[in-house]
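Colleague:
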Amino acid sequence: MSEATCCRTCHRPFPRGVARFVRPWLPRPYEVLMLLGMTGSGKSFLFKQWLAMLMGANRAVFVLDVGDEYAATGNNRGGTLQLGPLRTRLTVPEFLAQWRKSSAFIRDPRAAVAIVPTVTDAGEALAEHIRPVLRVLYGRGRCVIGFDELQKYGAWLESDLYRAAGELGKDGVTPFFLSQYPGGVPEIVRKQVSTCLCADMGKASDRRMLASDFGEDFGRSLQDLPARTFHIGFSRSQFASIPTR
Ligand SMILES: Nc1ncnc2c1ncn2[C@@H]1O[C@H](COP(=O)(O)OP(=O)(O)OP(=O)(O)O)[C@@H](O)[C@H]1O
Ligand SMILES: [Mg+2]
């Protein structure tokens, strides 16, 4: 529990019983995480810091890297975007070709791979492009899988995403679902999320959706949040003991 009584960013007092989280944490077994916020809110930036910590803890990490921004060799948009820490960057066809030759790079306990789609249009074609990669990662188990920009393909991969969220915890898979709005994460998947980090949600319908999964107080707290601030909602109390300062 935090000793601080008000937010250092917005100076609003914390309600009683609210903890202040100052850094990412190592997800618990079966923890399913979702990061939400409009474009530019800092979801990917936050997830990159989180990945660096997970890599430091020797977790294998894979990211469906729709924006080509999670590996040091990705596209930094002319220096305007801070790239992520992943050691390997493979396009989806390169990933599948390399896997057919040998799965050793996937089984590597220190794997840190950005998997970059070559289909750029959002929708079903992107989902079908990604599907075989998920089968490979799900077969591996014991890893973190980041699904960035899920609003672009999530609706067409509902059953595969549901496996990651609802069934593969026992195989050690920890999913992170990133989306600009809650509806970008299919409902049956969202219902499996245990931990939701959310930046300002301008639309009342989005806040209502989150209130129904993470509580009315959480939903209300998402209005008029300062920039770079995420509130965290939990749907399962056993995941609540997370390091704070
Ligand atoms: N806490 C932060 N400190 C400094 N820069 C940040 C921070 N958060 C985000 N940024 C910068 O702001 C820009 C937008 O952040 P980011 O790419 O993480 O947004 P996003 O929520 O992932 O948006 P999108 O949905 O479009 O992918 C980036 O250039 C990023 O480096
Ligand atoms: Mg992003």
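Using the working numbering, read the sequence shown as starting at 757 and increasing by one per residue. Note that CB positions come from ideal geometry on N, CA and C, so glycine has one too.
#1: Return helix, strand or coil for V941, following the three-state DSSP convention.
#2: In three-state DSSP terms, what is H987?
#3: Among the candidates D956, M794, K959 and K857, whose CA atom is the shortest distance from the CA of L906?
#4: Using 8 Å as the threshold, is the segment 766-786 in touch with the segment 864-878, meaning 3 or more CB pairs across them?
#5: For ligand 1, is there a heavy atom less than 7 Å away from the beta-carbon of L837?
#6: Please specify which runs of the alpha helix (DSSP H), each continuous and at least 4 residues long, are wholly inside the segment 790-836, giving them in chain order.
#7: Just reading off the alpha helix (DSSP H) that P888 is part of, what are its end residues?
#8: Let me check one thing: in DSSP terms, what residues is A911 bridge-paired to?
#9: Looking at the secondary structure, which residues open and close the beta strand (DSSP E) in which A867 lies?
#10: Under three-state DSSP, which class holds R946?
#11: Is there a Cβ from chain C that is less than 8 Å from the Cβ of L882?
#12: Among G975, T836 and G971, which has the Cα closest to the Cα of A960?
#13: Got a sec? Which residues, its chain only, sit under 8 Å from L852 by beta carbon, not counting five neighbours each side?
#14: Quick check on L934: does DSSP put it in helix, strand or coil?
#15: Any heavy atom of ligand 1 closer than 7 Å to the beta-carbon of F801?
Modeller: In short, the structure shows the following:
#1: coil
#2: strand
#3: M794
#4: no
#5: yes
#6: 799-812
#7: E880 to R896
#8: Per DSSP, none; premise fails for A911.
#9: Element bounds for A867: n/a, residue is neither H nor E.
#10: helix
#11: Any reference to chain C falls outside this structure, which holds one protein chain only.
#12: G975
#13: P888, V889 and V892
#14: strand
#15: yes
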